[in-house]
Structures are given as C-alpha cells and as structure tokens.
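Last residue of the sequence shown: 316 (our numbering), numbering continuous.
Glycine is no exception: its CB is placed at the ideal position from the N, C-alpha and C atoms.
Keep in mind that this is a model prediction, so the values were computed, not measured.
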Amino acid sequence: METLINGLHHVTTLAGDTQRNVDYYTDILGLRLVKKTVNFDAPDVYHLYYGNETGSPGTILTFFPYGNITRGRKGVGQLTYTAFSAPTASLSFWMDRLHERNIPYAGPYKRFSETYVRFEDFDGMGIELVFTDDDQRPGWNNGRIPAEFAIRGFHTVTLNELNPDRTIKLLTETLQHTLVGEEEGRFRFKAGLGGPGNYVDVLHSPKDVHALQGGGSVHHVAFSTDSDDTQLIIQQQLSEAGYHVTPVQDRNYFNSIYFREPGGILFEVATNPPGFAVDELVTELGTALKLPSQYESRRAKIEAELPEISVK
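Spelled out as structure tokens, the structure:
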C-alpha cells in the first residue's frame, strides 16, 4: 500500500496578545519562530509558525493571535492537548524551568509507560511534554536551552470525542493509522512507523462539556503527506467516504485540503514541500514579514496595522 499519511504536520491555534505568544514559545519553550506571515483569509492578523531549525513537518505549532479574544473552553469536539517530546534526562530541567517562569504544571504522570507533565500557555492552550529517548530529531539550539534538553517536536495530539467510533474508523480506514495502545478510554494510533510526531490519541470523553472556541483553542490539526499527488489521492478517498473536502489551498509553504472529522474537529492534510525556506534563507527564517502575492500591494498598510514583535 502506498504511504499517503506520514504523521503530524502542524497544529494551528487561536491566541491573544501577539508579543506574549512570541515570548512564551521562543523564550520559555525555546522553539524557533520560523515564519512570520499573515492569516491568508484575514491579513490584519499575524500567522506565526514555531518549530525546529527548519520548521520540519511534525514540529510546527502555529498561531493566529487576535489580541483581545475571549478564552476558549476545552471539551469534546476539540483537540485539547498538544504534546511535545523532550529527552528523558530533561525532566528535572523542564520542571525547574516551568517553576522558575511561574508556569503552573501538573505531574509528572505516566501514560503508555512514558512520563509527561501537563500545563497551559498564557491563553489556556493545553500543552504536554513527554519525556522519551525514542525521538532522534534535533531540537532548536537557541543558546538559552541546552541542546540536550531542547524540545524535539510533536509527540502526540489528543482528540476528545463524545462518540469515538467514527473518528477511529476515519483514522484507520482512510488516514492509514494503526491502533497501538489502549488505556483508560484513550486509544493511541500511529501513522507510518510510529514514534514521536506520528501519534494521535482519541480520548473517549462522554462526561466532558462541549468545547467552545476562543483564545487557546486549537483551530485545526494537519497531517503530513509527501506530495501534491498523494494529497489528491487522499482528497478523492475522503470524498468517496462521504467527507466534504475543500479544494486544494495554496498556503505558500505547503498545499492544504480541509475537512471535519465526525466529532467536529477540523482536519487538514498538508504537503511537505516546498517548506519554509522557499522565500527565506534557513539562517534568516522568521525575521521578515512574508506576505502571499495577493497582499504585496497592500504591504505598507498591513505592516502599519500589525503590532511590532521581537524575539528575545
């Protein structure tokens, strides 16, 4: 069978204050700001991408920071926690760092034989750090967090579902995931060979409230595919399975299709190429405001309206 889905590509979330968002993810968590652009559908709002040195698929967390936005509510029908992986030996470092930065956290806990801690960003986005030696991806060496302790990329995303059966069917029959574990109503699926960055957890949450979207809420989760050709195959298969899939959208750094999974969470399938170095040198990623071609004629106005941001 041809591999169509490789694992996770990116997660996109709604946020409040722009500079506060930059400080949290670049300073506290030590991710790299790899792209500074705008929401292609609302160019008065930034679209900020954080990841490893090059913004490799499976490391990319993105935000639409809307400024004054009501905080969302976690619940069913939502991706509630995005887990990153970090080396096992970094547990004490990260617990100390969160404490020093006044970031409340819970744990450490055990899940599927791995240790993790749980916390939130300034807007209430759910974050976990899973400590494992199974992730050989290099972290971003930003000069503040020792390279041996740096976050490597995504580990898992957790989908809270009221009725998980149809979501599980979608993952296993169309999106090429395989069930690899079950624990207390949590079903873990892997794409490809599995490992950090390739896991999706479906959590049966019959007693949870329904989610409300707002600050800290995940807007969508994207899965990785190798090419435009594999994306079109997935698009056709999803359509044949009864899903309402969008036409291909050009996002400059990847092409995308979108659809709602049965529980209501917005899914995307994004191509790996062309990547974030298509319009910037790797050494300069995230330093300049990049606009899609349709907005270049409005650059002066857009730049004047967007808040200034800086990376420490």
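Relative to the Cα of Q217, the nearest Cα in the group Y28, A46, G81 and D21 belongs to G81.
Distance check between G76 and each of L285, F126, D27 and T160 places F126 closest, using alpha-carbon atoms only. Here the C-alpha atom of T162 lies approximately 35 Å from the C-alpha atom of E309. A direct Cα-Cα distance of roughly 16 Å separates T291 from F67. Residues V42, P47 and I306 of the same chain have their beta carbon placed closer than 8 Å to that of Y299, with the five preceding and five following residues left out of the count.
If only uninterrupted alpha helix (DSSP H) runs of at least 4 residues are considered, those enclosed by the region 141 to 222 are 169 to 177.
Per DSSP, the continuous alpha helix (DSSP H) segment holding L236 begins and ends at D232 to E244.
Of all alpha-carbon atoms in T250, Y50, R192 and Y28, the one lying nearest the alpha-carbon of R105 is that of Y28. Within the region 266 to 308, complete alpha helix (DSSP H) segments of at least 4 residues are not found at all. The beta-carbon separation of Q235 and T178, rounded to 13 Å, does not stay under the 8 Å limit for a contact.
The region 132 to 145 makes no contact with the region 230 to 247; the number of CB pairs closer than 8 Å stays below 3.
A straight line joining the alpha-carbon of S243 with that of P277 spans about 23 Å. If the five residues before and after P69 are omitted, its C-beta is found closer than 6 Å to the C-beta atoms of A19, T22, N25 and Y50, all from its own chain and listed in chain order.
For the 8 Å CB-CB criterion, G59 and K39 form a contact. In chain order, E132, V134, H159 and T160 place their CB closer than 6 Å to the CB of A87, counting only its own chain and leaving out the 5 sequence neighbours on each side. For S96, the uninterrupted alpha helix (DSSP H) segment begins and ends at L95 to E104.
Of the candidates R302, G128, F263 and V184, G128 places its Cα closest to the Cα of T74. Assigned with DSSP and collapsed to three states, Y28 falls in helix. In this structure, T136 lies near P200, with their beta-carbon atoms less than 8 Å apart.
Taken through DSSP and simplified to helix, strand or coil, T92 comes out as helix. In the DSSP assignment, L133 falls within the beta strand (DSSP E) that extends over G130 to F135. Remark: three or more beta-carbon pairs, one from each stretch, lie closer than 8 Å, so the region 260 to 276 and the region 170 to 185 are flagged as touching. Taking 8 Å as the cut-off, the beta carbon of N146 is found no closer than this to the beta carbon of R303. The alpha-carbon separation between H181 and E6 amounts to approximately 13 Å. When the beta-carbon positions are compared, E165 and H224 stay at least 8 Å from each other.
Shown here for K294: same chain residues with a beta carbon closer than 6 Å to its own, the five before and five after excluded, namely T41 and D283 in chain order. Counting other Cβ atoms within 10 Å of its Cβ, V222 reaches 16 or more and is therefore classed as buried. Contact between T63 and G157 holds: CB atoms are separated by about 4 Å, below the 8 Å threshold.
Straight-line measurement puts the Cα of T250 at about 13 Å from the Cα of Q241. The continuous stretches of beta strand (DSSP E) do not include H248, and DSSP gives it neither H nor E.
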